[in-house]
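First up is the structure itself, then whatever we jot down about it.
Number of protein chains: 4
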Amino acid sequence: MEKVTRKGIAFNRKQLEEFDSFIKRKGFKNRSDAIRKLITDALVEEKKLNPESRMTATLTMVYNHHNHDVQHNLTHIQHHHHGLIRSSLHVHMDNDNCLEVLILEGTVKDIRSLSDEMAAEKGVKHAKLILTDIC
Amino acid sequence: MEKVTRKGIAFNRKQLEEFDSFIKRKGFKNRSDAIRKLITDALVEEKKLNPESRMTATLTMVYNHHNHDVQHNLTHIQHHHHGLIRSSLHVHMDNDNCLEVLILEGTVKDIRSLSDEMAAEKGVKHAKLILTDIC
Amino acid sequence: MEKVTRKGIAFNRKQLEEFDSFIKRKGFKNRSDAIRKLITDALVEEKKLNPESRMTATLTMVYNHHNHDVQHNLTHIQHHHHGLIRSSLHVHMDNDNCLEVLILEGTVKDIRSLSDEMAAEKGVKHAKLILTDIC
Amino acid sequence: MEKVTRKGIAFNRKQLEEFDSFIKRKGFKNRSDAIRKLITDALVEEKKLNPESRMTATLTMVYNHHNHDVQHNLTHIQHHHHGLIRSSLHVHMDNDNCLEVLILEGTVKDIRSLSDEMAAEKGVKHAKLILTDIC
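Chains as they are written, first to last, in this note's numbering: chain A, 843 to 977; chain L, 843 to 977; chain F, 843 to 977; chain D, 843 to 977.
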């Protein structure tokens with residue numbers, strides 16, 4: 843069980859009203875829950891600026907499987923960095939396109955370097971990296 | 843096979859040198875391949891500003907499975923929007939934390955709305971959405 | 843004077859410790875002040891997704907003033923949209939380059955459209971838009 | 843005068859069509875100009891990941907001038923870092939709010955540190971940093 847503590851936080855009235863509408867629109871359960879998520883997001887954004895931080899990431903790639911080398915090369919790169927790759931998910935999106943998601947764990951520097959290497963692979967059309975944290 | 847056409851593009855010398863080093867650092871096969879990826883990225887960035895665009899997305903969530911309701915609630919939301927969800931991947935990151943990735947297909951509006959709903963769920967610590975395109 | 847109200851917010855202990863270090867590293871005066879800023883940022887991020895929101899923006903552009911038409915064309919575009927432009931700042935960065943910042947007020951749609959028009963102008967090397975709010 | 847060189851770039855037909863519509867929508871003069879801007883943006887995005895890169899930046903801040911200390915404190919911080927600050931622009935947005943833009947030059951590390959310090963100042967409601975380059 844996580845230990846919970848309660849702190850008094852000062853809000854100005856106008857912002858509190860706007861925040862309460864925001865909470866309703868977004869569907870948060872209450873102010874504490876919304877604030878906890880804003881804080882986590884700020885901590886993650888800060889952490890990812892440090893190349894040495896250990897983080898978790900997902901790399902989303904779209905590629906055309908008709909390009910005969912791409913799948914082979916991506917697999918080759920992944921095996922070469924198997925220590926960074928926790929798991930992967932593959933979806934056949936349509937006749938031509940595959941979407942692949944890799945779950946990565948490592949330093950920001952290593953995650954970015956592997957992400958760059960895969961994104962640069964011929965046949966990969968689009969690649970985007972998300973850094974998160976099992977905080 | 844995709845049909846390829848060749849066009850003459852004017853570069854200033856200094857930028858071309860910097861671009862060539864960038865290509866080497868990032869590992870792109872050649873200028874054409876790097877430029878194709880920059881263009882795809884620009885098209886995706888533009889497309890996601892329109893709430894009516896149909897796109898593909900991945901939603902990455904970290905949550906604590908000890909929170910007894912979160913897994914049940916996330917499953918409930920996902921079934922309610924099964925038309926948007928193509929597939930999902932679940933990883934047990936450590937004793938406490940799960941990472942889940944959903945592959946979504948639909949309009950930007952619907953994707954953002956589902957993403958907000960799941961991110962707001964109590965117990966979800968961090969959630970990040972990537973929009974991409976099977977262009 | 844802004845009216846201030848105090849609310850009890852629940853934190854889990856571990857996150858509170860991490861948040862307190864974050865506050866120290868970033869230099870925030872106290873938790874309430876840091877939270878107010880996280881909330882403002884979240885409200886701005888949400889607001890800018892709606893093309894009809896009225897917001898304030900700054901557009902930062904770098905251009906080469908040796909390109910004979912660019913300054914003339916940028917001035918021409920600005921006069922054509924003078925209702926959107928509140929003010930501007932110009933700095934001669936080096937022998938070749940100028941940096942210009944425009945303060946814009948209007949709907950997100952109009953701000954983005956003017957920003958695109960100026961960024962597309964020949965001679966503008968780099969342009970970046972920030973949306974904010976006088977919340 | 844900048845020296846210009848022309849290179850043959852391979853496009854696949856479908857992407858070229860989409861890129862040509864993008865160019866028209868965004869108002870770029872021609873393909874070469876659009877590509878030069880995409881390249882500059884990619885170079886800037888890469889450069890800002892290195893804390894030691896020397897870059898140019900604009901920091902946009904919104905604050906309430908009724909908060910009696912904020913203007914004094916911001917001026918104090920700015921004088922302490924005058925070597926980083928090239929120029930600034932101040933606009934009275936409404937009865938309560940000021941918008942201030944600083945033009946900064948220095949390493950990414952120093953720019954981020956000054957930006958954090960000012961953003962953390964009590965009374966600053968929102969602050970956003972743009973990194974660019976006089977490339």
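Ideal Cβ placement from N, Cα and C applies to all residues, glycine included.
Close-in-space but distant-in-sequence residues of the same chain around residue i (CB under 6 Å, 5 per side omitted)
{"i": "Leu944 (chain D)", "result": "Leu901, Ile927, Ser930"}
{"i": "Leu956 (chain L)", "result": "His923, Leu926"}
{"i": "Ile865 (chain F)", "result": "Ala876"}
{"i": "Ser895 (chain L)", "result": "Lys889, Val950"}
{"i": "Ile851 (chain A)", "result": "none"}
Exposure of residue i, with buried meaning 16 or more beta-carbon neighbours within 10 Å
{"i": "Val966 (chain F)", "result": "buried"}
{"i": "Arg848 (chain D)", "result": "exposed"}
{"i": "Glu963 (chain L)", "result": "buried"}
{"i": "Arg867 (chain F)", "result": "exposed"}
{"i": "Glu947 (chain F)", "result": "buried"}
{"i": "Lys871 (chain A)", "result": "exposed"}
{"i": "Lys890 (chain F)", "result": "buried"}
{"i": "Glu942 (chain A)", "result": "buried"}
{"i": "Val950 (chain A)", "result": "buried"}
{"i": "His921 (chain D)", "result": "exposed"}
{"i": "Cys914 (chain A)", "result": "The identity of residue 914 (chain A) in the sequence shown is His, whereas the question assumes Cys. Classification of His914 (chain A): exposed, given that the 10 Å Cβ count is below 16."}
Proximity winner among the options, relative to residue i (alpha-carbon distances)
{"i": "Lys958 (chain L)", "options": "L:Asp938, L:Met903, L:Ile865", "result": "Going by the sequence as given, residue 958 (chain L) is Asp instead of Lys. Closest option to Asp958 (chain L), Cα to Cα, is L:Met903."}
{"i": "Leu916 (chain A)", "options": "A:Asn872, A:Ala961, A:Arg896", "result": "A:Ala961"}
{"i": "Asp875 (chain F)", "options": "F:Glu888, F:Asn892, F:Phe861", "result": "F:Phe861"}
{"i": "Met897 (chain L)", "options": "L:Leu885, L:His907, L:Glu942", "result": "L:Leu885"}
{"i": "Asp952 (chain D)", "options": "D:Ile972, D:Phe864, D:Pro893, D:Phe870", "result": "D:Pro893"}
{"i": "His976 (chain F)", "options": "F:Ala852, F:Gln920, F:Lys970, F:Ala899", "result": "The question names His, but residue 976 (chain F) in the sequence shown is Ile. Selected option, being the one with the closest Cα: F:Ala899."}
{"i": "Ile919 (chain L)", "options": "A:His907, A:Arg954, A:His921, A:Gly869", "result": "A:Gly869"}
{"i": "His908 (chain D)", "options": "D:Ser895, D:Asp936, D:Glu888", "result": "D:Asp936"}
Residues of its chain near residue i, where Cβ-Cβ distance is below 7 Å and the 5 sequence neighbours each way are ignored
{"i": "His934 (chain F)", "result": "Cys940"}
{"i": "His932 (chain L)", "result": "Cys940, Glu942"}
{"i": "Lys970 (chain L)", "result": "Thr902"}
{"i": "Ile972 (chain L)", "result": "Ala899, Thr900"}
Proximity test, residue i beta-carbon vs the ligand HEM heavy atom, cut-off 8 Å
{"i": "Ser863 (chain A)", "result": "Here there are no bound small molecules, and the ligand HEM is not part of this structure."}
Sequence-distant residues of its chain with Cβ nearer than 8 Å to residue i (five each side left out)
{"i": "Asp911 (chain D)", "result": "Lys964, Gly965"}
{"i": "Asn906 (chain D)", "result": "Val912, Asp938, Asn939, Cys940, Gly965, Lys967"}
{"i": "Thr974 (chain D)", "result": "Val886, Met897, Thr898, Ala899, Thr900"}
{"i": "Phe853 (chain A)", "result": "Phe861"}
{"i": "His845 (chain D)", "result": "A small correction: the amino acid at residue 845 (chain D) is Lys; His does not occupy that position in the sequence shown. Nothing meets the Cβ criterion."}
{"i": "Arg873 (chain F)", "result": "Phe861, Asp862, Ile865"}
{"i": "Arg954 (chain L)", "result": "Pro893, Leu971"}
Exercise for the section: Return the residues of the stretch 911-943 of chain F that lie within a Cβ-Cβ distance of less than 7 Å from chain D, sorted by chain order. Expected result: Within the stretch 911-943 of chain F, the residues whose Cβ lies closer than 7 Å to some Cβ of chain D are Arg928, Ser929, Leu931, Val933, Met935, Asp936, Asn939, Leu941, Val943, listed in chain order.
Practice task
Please determine if the stretch 854-870 of chain L and the stretch 874-883 of chain D are in contact, where contact requires at least 3 C-beta pairs separated by less than 8 Å.
Solution key: Yes, the stretch 854-870 of chain L touches the stretch 874-883 of chain D.
Practice task
Determine which residues of the stretch 848-876 of chain D have a Cβ less than 7 Å from any Cβ of chain F, and write them out in chain order.
Solution key: Within the stretch 848-876 of chain D, the residues whose Cβ lies closer than 7 Å to any Cβ of chain F are, in chain order, Lys868, Gly869, Phe870, Lys871, Asp875.
Practice task
Please list the residues of the stretch 886-900 of chain A that have a C-beta atom closer than 8 Å to any C-beta atom in chain L, keeping them in chain order.
Solution key: Taking 8 Å as the Cβ-Cβ cut-off against chain L, the residues of the stretch 886-900 of chain A that qualify are Val886, Thr898, Thr900.
Practice task
Scan the stretch 959-976 of chain F for residues whose Cβ lies nearer than 9 Å to a Cβ of chain A and list them as they occur along the chain.
Solution key: Taking 9 Å as the Cβ-Cβ cut-off against chain A, none of the residues of the stretch 959-976 of chain F qualify.
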